[in-house]
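Novice: Okay, here's the structure, questions in a sec.
There are 2 protein chains.
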Amino acid sequence: MTKYVFAPFALLAIASAPEAAPSPAEIVSSAPATAWQDIAQEDLLEMTLANGSVVTIQLVHEFAPVHVANIRKLVAAHFWDGTSINRVQENYVVQWGDATEKKALPAGLGTAPASDYVRPLNGLGFLPLPYPDPYARRVGHGHGWPIATDGKQAWLPHCFGMIGVGRNLAPDTGNGAELYVVNGHAPRHLDRNLAVVGRVIDGISALTTLPRGTGALGFYEKPEERTFITSIKAGSRDRWQNLRIESPSFAAYSLARANRHDAFFNVPAGGADICNVPVPIRKLSVQAGGQ
Amino acid sequence: MTKYVFAPFALLAIASAPEAAPSPAEIVSSAPATAWQDIAQEDLLEMTLANGSVVTIQLVHEFAPVHVANIRKLVAAHFWDGTSINRVQENYVVQWGDATEKKALPAGLGTAPASDYVRPLNGLGFLPLPYPDPYARRVGHGHGWPIATDGKQAWLPHCFGMIGVGRNLAPDTGNGAELYVVNGHAPRHLDRNLAVVGRVIDGISALTTLPRGTGALGFYEKPEERTFITSIKAGSRDRWQNLRIESPSFAAYSLARANRHDAFFNVPAGGADICNVPVPIRKLSVQAGGQ
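These protein sequence lines map, in sequence, to chains A and B. This note's numbering applies: residue 48 is where the first sequence begins, and numbers increase by one. This note's numbering applies: residue 48 is where the second sequence begins, and numbers increase by one.
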């Protein structure tokens, strides 16, 4: 055995031994068109950085209505255009907003209450995962989102890629102008303590590869370290879809995430953490609108 | 309220309201010298990248003995000097080794068996966390490491920063020459399917900020995209310590990670995921050897 391993995981993807069960990725790629649903353009935002990178964001409309309404107003007012990425903390969050703290806010921002951090579980079409969770009584999916619940109230967990609203010490002080995205292992202790308002659905690497800030909590110490945000605009140039959580394809995908029987795996886990069962999202070209 | 939030988390660190409970970081920073123990120099490695960045690695000696012995032989033979980082997959792993697949391996590498992926729980001084886990019957800490167990066998979970050995499809094909580090949310489905051999204890940002590979599974498509590894050497220029998991400070830290009562938090989680209770590690300067 002189040849040693170069690309162990690549082999997994390439191999399609007939006896092996399909991988989660294979299940998703073979899902029928009916298993996918469009993400409304009105829930999409495009953030363009000074280096030309584009980050596509999906706002949630089932949670944090006051915060999300504020964000829509801030986008409409072009508030973030010319602001910057001010904080990159390893394995925690990337945060952006107006570092000068002097930019005028648009009129009509609502006071964003802590009650916005949770909502009733009812009405979300909640499909629980059958695995225990260290943070919540139950976790699962609803309306295309990961959800955690105590059985009565529901909230969005701080998974990788989820976006939240920064605030001051008092819980009603986050107005939506200061946003962060999780760039590492899910800091679920933040759940119910901050408003989660959406997720990055494409281009997150433009944020996760930025130099880490050397100041306290990953803030940049010098203004010139900040990456400028050219704009955050409503809508996306592309058409996006998520796999319907009610589809047989999602059920098979979710089961496979917890029980890997594809060729590489010898010991299926028998469980999965909510942040390791992300809702699959795909991009369709705008031209393919009829698909 | 015209002033809005710029640095919500910074305020958390700065604020020291007398009524608030100490944060996990405050508990760690006030731990007495007796709560810390040295990490043996023989378990440390320094990886230096072509750009001068240094990544400090701690090998485990309680797990994966055949794989770890191979790694020590590979270090002694300077095997990785001149090899490269070949794969950076977003929210998964960064992987390195000999991209040419032609470099001679040192003599005497042992065949690394799948039995190396687990070991008996007995003998690890296991201290369980009192929270459920979706992947294992019980999780906790032992000998300064995070541990997952089925009650009989124990293994190291794939938390952020943990290092594993790449392999081919057959479980006994990872010899230690191809290594990866977790750069995002813990891919715990890999637990017991690969040998975890250590962790990055410092400098991980040199790896996590690298451009993501655009090939399948995050492999770089062009050789010039790879970052070269100048060397991986035994030992560290610095002295490192971990917080003893048997210390009252660790117990208080662990409890606080799951139950945040410091000023910023309104709803303590009441639980924590094993990967969110990392064992605190600190650097002492070599000059301060007598501390």
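Ideal Cβ positions, reconstructed from N, Cα and C, are used throughout, including at glycine. These figures come from a predicted structure and were not determined experimentally.
Between A/L96 and A/T220, how many whole angstroms is the CB-CB distance? I'm expecting something under 8 Å.
Specialist: Their Cβ separation, rounded to whole angstroms, is 27 Å, which puts A/L96 and A/T220 out of contact at 8 Å.
Novice: Which two residues bound the contiguous alpha helix (DSSP H) that contains B/S301?
Specialist: Its alpha helix (DSSP H) spans residues 295-305.
Novice: Short of 6 Å in beta carbon distance, which residues of its chain neighbour A/T277, apart from the five on each side in sequence? Order them along the chain.
Specialist: So the list reads T95, A97, once near-sequence residues are dropped.
Novice: Return the residue from the list A/Q84, A/D90, A/P175 that minimises the CA-CA distance to A/V247.
Specialist: The shortest Cα separation from A/V247 among A/Q84, A/D90, A/P175 belongs to A/D90.
Novice: Is it buried or exposed for B/A298, if we count other Cβ within 10 angstroms and need 16 for buried?
Specialist: Exposed, because fewer than 16 other Cβ atoms sit within 10 Å of the Cβ of B/A298.
Novice: Tell me, please, whether the CB atom of A/Y178 is closer than 7 Å to any CB atom in chain B?
Specialist: So, interface residue.
Novice: Using the rule of at least 16 other Cβ atoms within 10 Å of the residue's Cβ for burial, across every protein chain shown, is B/T196 buried or exposed?
Specialist: That one is buried.
Novice: Helix, strand or coil for A/Q288, going by three-state DSSP, please let me know.
Specialist: Strand, per DSSP.
Novice: For A/G172, tell me which candidate among A/R291, A/A310, A/G317 has the shortest Cα-Cα distance.
Specialist: Answer by Cα proximity: A/R291.
Novice: Examine chain A for any beta-carbon lying closer than 7 Å to the beta-carbon of B/Y182, and answer yes or no.
Specialist: Cβ-Cβ to chain A under 7 Å: yes for B/Y182.
Novice: So with CB distances below 9 Å, who are the chain D contacts of B/D249?
Specialist: Chain labels in this structure do not include chain D; the protein chains are A and B.
Novice: Roughly how many angstroms lie between the CA atoms of A/G213 and A/T147, to the nearest whole one?
Specialist: A/G213 and A/T147: Cα-Cα distance of roughly 16 Å.
Novice: In or out: B/H125 buried (at least 16 other Cβ within 10 Å) or exposed?
Specialist: B/H125 is exposed by the Cβ-count criterion.
Novice: Pull up the CB-CB distance for B/R239 and B/V165, whole angstroms please, since I reckon it's below 8 Å.
Specialist: Contact flag correct, Cβ pair sits at about 6 Å.
Novice: Since B/V243 and B/F207 should fall inside the 8 Å C-beta cutoff, what is the C-beta to C-beta distance between them, to a whole number of angstroms?
Specialist: The Cβ separation is near 12 Å, so there is no contact.
Novice: By Cβ distance, which residues of its chain are closer than 6 Å to A/E109, with the 5 residues on each side in sequence left out?
Specialist: Closer than 6 Å at Cβ, skipping near neighbours: H190.
Novice: With a threshold of 7 Å between beta carbons, is A/A319 in contact with chain B?
Specialist: True, the Cβ-Cβ gap to chain B drops below 7 Å.
Novice: Please report the Cβ distance between B/P204 and B/I86, rounded to the nearest whole angstrom; I am assuming they are in contact, meaning their Cβ atoms lie under 8 Å.
Specialist: About 19 Å; that fails the 8 Å criterion.
Novice: Taking the Cβ atom as the reference point for each residue, do A/N306 and A/P315 lie within a distance shorter than 7 Å?
Specialist: Contact flag set, yes.
Novice: Roughly how many whole angstroms lie between the Cα atoms of A/E225 and A/S131?
Specialist: The alpha-carbon atoms of A/E225 and A/S131 are separated by roughly 10 Å.
Novice: So A/D238 contacts chain B; which residues on that side make the cut at Cβ distance below 9 Å?
Specialist: Chain B residues near A/D238: V314, A316.
Novice: Roughly how many whole angstroms lie between the Cα atoms of A/D359 and B/L152?
Specialist: This structure gives no information on residue 359 of chain A, because the portion of chain A shown stretches from 48 to 338.
Novice: I'd like to know whether the C-beta of B/E137 is nearer than 7 Å to at least one C-beta of chain A.
Specialist: Yes, contact with chain A.
Novice: Is B/V324 close to chain A, meaning its C-beta is less than 7 Å from at least one C-beta of that chain?
Specialist: No, B/V324 lies away from the interface with chain A (no Cβ there is under 7 Å from its Cβ).
Novice: Under the three-state reduction of DSSP, which class applies to B/N133: helix, strand or coil?
Specialist: Correct three-state label for B/N133: strand.
Novice: Between A/D41 and A/H114, is the Cβ-Cβ spacing less than 7 Å?
Specialist: Nothing in the structure corresponds to residue 41 of chain A, since chain A is present only between 48 and 338.
Novice: Can you find the residues in the same chain that come closer than 8 Å, C-beta to C-beta, to B/D180, ignoring five residues on each side of it along the sequence?
Specialist: If we look at B/D180 and ignore the five residues flanking it on each side, its Cβ neighbours are V186, A195, D320, I321.
Novice: Ignore the nearest five residues each way along the sequence and tell me which others in B/E293's own chain have a CB closer than 8 Å to its CB.
Specialist: So the qualifying residues of the chain are G172, L174.
Novice: With a Cβ-Cβ cutoff of 7 Å, do A/L121 and A/G223 count as a contact?
Specialist: For A/L121 and A/G223, yes; Cβs fall inside 7 Å.
Novice: On the criterion of 16 or more Cβ atoms from any shown chain inside 10 Å, does A/N133 qualify as buried, or is it exposed?
Specialist: Buried, by the Cβ-count rule.
Novice: Could you run through the region 211-222 of chain A and flag, in chain order, every residue whose CB is less than 7 Å away from some CB of chain B?
Specialist: Cβ contacts with chain B come from G213, R214, N215, L216, P218, T220, G221, N222.
Novice: How would you write the range of the beta strand (DSSP E) that A/R259 sits in, first residue to last?
Specialist: Premise fails: A/R259 is in no beta strand (DSSP E) and is neither H nor E.
Novice: For the region 161-192 of chain A, which segments carrying the beta strand (DSSP E) assignment without a break, of at least 3 residues, lie completely within its bounds, in sequence order?
Specialist: Here the runs fully enclosed are 185-189.
Novice: If you measure from the beta carbon of B/T196 to each beta carbon in chain A, is any gap under 7 Å?
Specialist: By this cut-off, B/T196 is not an interface position.
Novice: Considering only DSSP beta bridges, list what A/F266 is partnered with.
Specialist: For A/F266, which the question treats as bridged, DSSP gives the partners A/R134.
Novice: In this structure, how does DSSP classify B/S278 when only helix, strand and coil are distinguished?
Specialist: If DSSP states are grouped into helix, strand and coil, B/S278 belongs with the strands.
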